[in-house]
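Positions 1 to 403 (the working numbering) are the ones given, in order, by the sequence shown. Even for Gly, the Cβ is constructed at its ideal location relative to N, Cα and C. Predicted model, so just to flag it, every value in this text is computed and none were measured. A short worksheet on the structure shown next.
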Amino acid sequence: MNGVSAMTSRYFFSKPITYWGCIITLFILVIGCTKVPQTGQPGGPAPAVVDIWHSLQGAEADALQGQVQTIMETHTEVIIKLKYVPEQNFVSFSYQAEAGGEGPEIFIASREIILQLYEHGALAKTKYIDQEAFPATLSAFQFGGVGYASPWLTDVPLLYFRTDTASVPINLDDLFSNKGGISVAAPDMASLSAWWNGQSGRLVNAGTPVLDDPFNIAFLKQLLIWRAAQSLRIDSSVINTFATGGTPFMIAGASQAKSLTQQNVPWGCMQLVDLLGGQGYPLLGMTLGIANSAIKTNEAMMPMIQIVEQALLKPEVEGAMMQVGRLLPANMGYYQRPEAQKGVFPQANIAFSKAWTLDGNALEWKLIPFQDRAWSNVFAGDFSPEDALASAQGEAMKALATK
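This is the structure in C-alpha cells:
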C-alpha cells in the first residue's frame, strides 16, 4: 500500500511541473522571436563606424592600414574605414561632401590642407588633445588659440656634415670661411629660418607686415656675399650631392637622416642655431595633423572618435609610420624611447622643442611665400635686395587688403 501511495504521489506532482515547464519554455521562445535581432558583437550592439579620409600613398598608406587593423583588433567596439583623397582635391572634395551632410569623422592631412578646411568651416574643435605634442606643432593647428587638429608627423631642418671630410664648425664665420661652405636646396625660409630670425629678421612688427625691414635686407645681402664666395651653394639635388661627397655641409630635414643611413653615408648633424650662440628658431617643415569633421563629430560619435585618435597618436604608432614614411613623430614621448637615443633623434628632439611657435592662422604664414619669392628673385639676379623686398612688401599689403 505504501509503494502504491508513493507512485501515485510522484505522478500527481510531476504533471504540474511538466505542464508549467512547457509554458515557461514557450514564453521564452516567444520573447526571443519577437526581440529585435542584434548585429555586431554577439549579445551586444553593433560597432560604431569611423571613416578616415587621408592623403597618404604607397608604403605610408599601407602602414596606416596596418595600424588601423591593429586598433580595430584592440577596440572591437569600432570599425575604421580608410579613404584616400588626393591632396590637390582634398579641400574641395571634403567641403562638397560636408555640404551634403556626408564625409568622414576624421581627416589626416597636411597643415596647409587643414588650414583651408578650417577656413571653409569644415572642422570641429579637437576632441582628443595630445598633451605630449611639441608646442610648435600644437600651435600650427590652433586657430584663435583653439585647437582644430592634433599634430601627428612632422619635420624640421638640421645642419648635416660629413664626418669623413668635415669637422664641426663653431660659428657661421668658421663654416663659411674655412669649412668648405654649405649647400641648400633653395634660398627660402624652410631652409634658412633659424639663421634669418637669429639675426633679427622679422616679418611682422606690431601686427603690420615689414618684409622690407632693414634687418631682412642685411640678411639677404649677406647671403649674396656668401654665394659670391661660393660658400653658399643653391643645389636642388642637395641630398644626392651630399650623399656622393660633393658638399661637406647641407641644410635638410631631419627626416632625411634615414635615407643617408640606408646609403651608408658617414654623417652627423647639429642645430643651425648652435652657430649663432643659440639665437634663432627653425620653422617646422611638412606637418601632418589629425582633425575632426564639423558635420560628423557629434555627442554620440565622440567616444569612438577619441578612441581612434588616441590610438593613432601613440608614440609607437607614430614611430611605425616614420619607419616607412618621410616624417618624424610629433609626440615628445617617442623621443624618450630607447630607440630614439641615437642617430638623428636627439638633435631632432632639440630642434622640435625650439621650433618657431606660430598659430595656424598667424600672419607670418601668409607672408612667408612673399619673402621666399623675393629671395628667389634676388638670387636669380632680377632684383636688388632692397627692390625685391620692397616689391614683396607692396604685394603682401595689397593681398591682405583684398581679404
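Endpoints, alpha helix (DSSP H) assigned at residue i
i           : result
residue 312 : 302–312
residue 94  : 87–99
residue 135 : 135–139
residue 74  : 58–74
Limits of the unbroken beta strand (DSSP E) element including residue i
i           : result
residue 292 : 288–293
residue 51  : 48–54
residue 268 : 267–270
residue 157 : 157–162
residue 108 : 106–110
residue 150 : 150–154
Reference residue i; option with closest CA among the options
i           : options               : result
residue 392 : 402, 401, 368 and 381 : 368
residue 326 : 49, 254, 73 and 186   : 254
residue 274 : 374, 172, 99 and 247  : 172
residue 195 : 379, 333, 266 and 223 : 223
residue 101 : 358, 129 and 297      : 297
residue 207 : 363, 334 and 306      : 363
residue 104 : 50, 63, 163 and 132   : 50
residue 267 : 279, 243 and 288      : 243
residue 47  : 398, 305 and 348      : 305
residue 354 : 133, 398 and 56       : 133
residue 113 : 226, 98, 89 and 124   : 89
residue 145 : 383, 357, 366 and 395 : 357
residue 59  : 67, 257 and 226       : 67
residue 365 : 115, 87 and 71        : 115
residue 265 : 394, 162, 124 and 117 : 162
residue 190 : 310, 170, 272 and 98  : 272
residue 228 : 159, 124 and 378      : 378
residue 158 : 341, 399 and 284      : 284
residue 270 : 260, 176 and 251      : 251
residue 86  : 309, 245, 108 and 249 : 108
residue 295 : 118, 71, 122 and 54   : 122
residue 230 : 376, 249, 216 and 257 : 249
residue 226 : 211, 61, 343 and 174  : 174
residue 359 : 349, 335 and 111      : 111
residue 98  : 53, 286, 398 and 199  : 53
DSSP beta-bridge partners of residue i
i           : result
residue 81  : 51
residue 147 : 142
residue 124 : 292
Heavy atom of the ligand ATP within 8 Å of residue i beta-carbon
i           : result
residue 202 : Of ligands this structure carries none, so the ligand ATP is not represented either.
* **Length-filtered (4 minimum) alpha helix (DSSP H) runs lying within the stretch 322–403** => The stretch 322–403 contains these whole alpha helix (DSSP H) runs: 345–353, 363–379 and 385–401.
* Asked: Taking the runs of the beta strand (DSSP E) that are 3 residues or longer, which of them lie wholly in the stretch 181–265?
  -> For the stretch 181–265, the full-length beta strand (DSSP E) segments reaching 3 residues or more read 182–184, 232–234 and 249–253 along the chain.
* Per the contact definition of three or more C-beta pairs closer than 8 Å, is the stretch 144–159 in contact with the stretch 319–338? -> Three or more Cβ pairs closer than 8 Å define a contact, and the stretch 319–338 meets that threshold against the stretch 144–159.
* Is the stretch 220–236 touching the stretch 303–315 in the sense that three or more CB pairs, one from each, lie closer than 8 Å? -> Output reads no: the stretch 220–236 does not touch the stretch 303–315.
* To do: Decide if the stretch 158–175 is in contact with the stretch 328–336; the criterion is three or more beta carbon pairs, one per stretch, under 8 Å apart.
  => Flag = no, the stretch 158–175 and the stretch 328–336 do not touch.
* Asked: Is the stretch 124–131 close to the stretch 73–89, with three or more CB pairs under 8 Å?
  -> No: the two stretches stay apart, fewer than three of their Cβ pairs being nearer than 8 Å.
* Are three or more beta carbon pairs between the stretch 282–291 and the stretch 78–97 nearer than 8 Å? -> Taking 8 Å as the limit for Cβ pairs, the verdict is that the stretch 78–97 does not touch the stretch 282–291.
* Does the count of Cβ pairs from the stretch 371–388 and the stretch 269–283 closer than 8 Å reach three? -> The stretch 371–388 makes no contact with the stretch 269–283; the number of CB pairs closer than 8 Å stays below 3.
* Asked: Counting Cβ pairs closer than 8 Å, one from the stretch 136–144 and one from the stretch 178–189, do we hit at least three?
  -> They do not touch, by the three-pair rule.
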